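Engineer:
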Amino acid sequence: MIREGAWSNFFWADQAQVVHTTHQGVLPGITRTIVEQLINEHGMRLVVSCTPFRRLIEQAHAACITQATHGIVLATSIDDFPFPSFEPFLTLQNAYENLFLLADARVYKLEL
């Protein structure tokens, strides 16, 4: 079972939903909270579940980790098990980056 990394949270997706591991025993994080909000804002279904590793690699078509320093990091594989897609995480990654570009523009009063 994959829950989190030392400085990251793990998400995966099948065709119908985005799955995050249980919040029990996992440290809350600002980045994770923002990603969960973006999932909701984009009309995606978020399920919180403890998923056995075998089920994850059989059902997941995309995965990512989230961390404060790098935001949303797309996963290409776990061990020898590749993920065939980056969606919906590429969409979420773009939304996350745009959120911070807007915040930077407000802080520095840049004109875009």
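Here my numbering is used: the first residue of the sequence shown is 28, the next is one more, and so on. Glycine residues also receive a C-beta, built at the ideal position from the N, C-alpha and C atoms. This structure is a prediction, so every number in the text was calculated from the model and none was measured.
C91: buried (16+ other C-beta within 10 angstroms of its C-beta) or exposed?
Structural biologist: buried
Engineer: Which residue comes first and which comes last in the alpha helix (DSSP H) that contains T96?
Structural biologist: From DSSP, T96 is part of no alpha helix (DSSP H); its letter is neither H nor E.
Engineer: Using 10 angstroms around the beta-carbon of T48, count the other beta-carbons present and answer buried if the total reaches 16, otherwise exposed.
Structural biologist: Classification for T48: buried.
Engineer: Taking C-beta to C-beta, are I105 and V62 nearer than 8 Å?
Structural biologist: no
Engineer: Would you tell me roughly how many angstroms separate the C-alpha atoms of V45 and N67, rounded to the nearest one?
Structural biologist: Spanning the alpha carbons of V45 and N67 requires a straight line of approximately 10 Å.
Engineer: Three-state secondary structure (DSSP) at M28?
Structural biologist: The predicted position of M28 is uncertain, since its pLDDT is 43 and thus under 50; no value can be drawn from it.
Engineer: Rounding to the nearest angstrom, what Cα-Cα distance links I29 and L129 in this structure?
Structural biologist: A caution first: I29 carries a pLDDT of 49, below 50, which makes its placement in the model too unreliable to give a value.
Engineer: Since A40 and P115 are thought to touch, with beta carbons under 8 Å apart, how far apart are those beta carbons, to the nearest angstrom?
Structural biologist: 6 Å
Engineer: Report yes if the CB atom of T118 is closer than 8 Å to the CB atom of A95, and no otherwise.
Structural biologist: no
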